[in-house]
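Student: Numbering (our numbering), first residue to last: 8 to 64. Ideal Cβ placement from N, Cα and C applies to all residues, glycine included. Everything numeric in this text was worked out from a predicted model, so none of it was measured. Just dropping this structure here.
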């Protein structure tokens, strides 16, 4: 049900179908502190990716 609602929200903003498989993982390790929030800290950085601004609940 939640996935359908999120898909509708993305569709409403013109975002295409998500094709990434989402799976549960084992251990998770955060990157070093200086890597956190890279795009927020470096808006003109080399990374071409940007957020959509769409909040998914």
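Just to confirm, is the Cβ distance from residue 63 to residue 20 under 7 Å?
Tutor: Walking along the chain shown from the start, residue 63 turns up at place 56. Walking along the chain shown from the start, residue 20 turns up at place 13. For residue 63 and residue 20, no; Cβs fall outside 7 Å.
Student: For residue 51, which three-state DSSP category applies?
Tutor: As a first step, residue 51 is located in the chain shown; it is residue number 44 there, counting from the start. The answer is coil: DSSP assigns residue 51 none of H, G, I, E or B.
Student: DSSP state of residue 38, grouped into three classes?
Tutor: Here the question's residue 38 lines up with position 31 in the chain shown. Residue 38: coil per DSSP, three-state reduction.
Student: Would you identify the three-state DSSP class for residue 14, choosing helix, strand or coil?
Tutor: As a working note, residue 14 is residue 7 in the chain shown. Three-state result, residue 14: helix.
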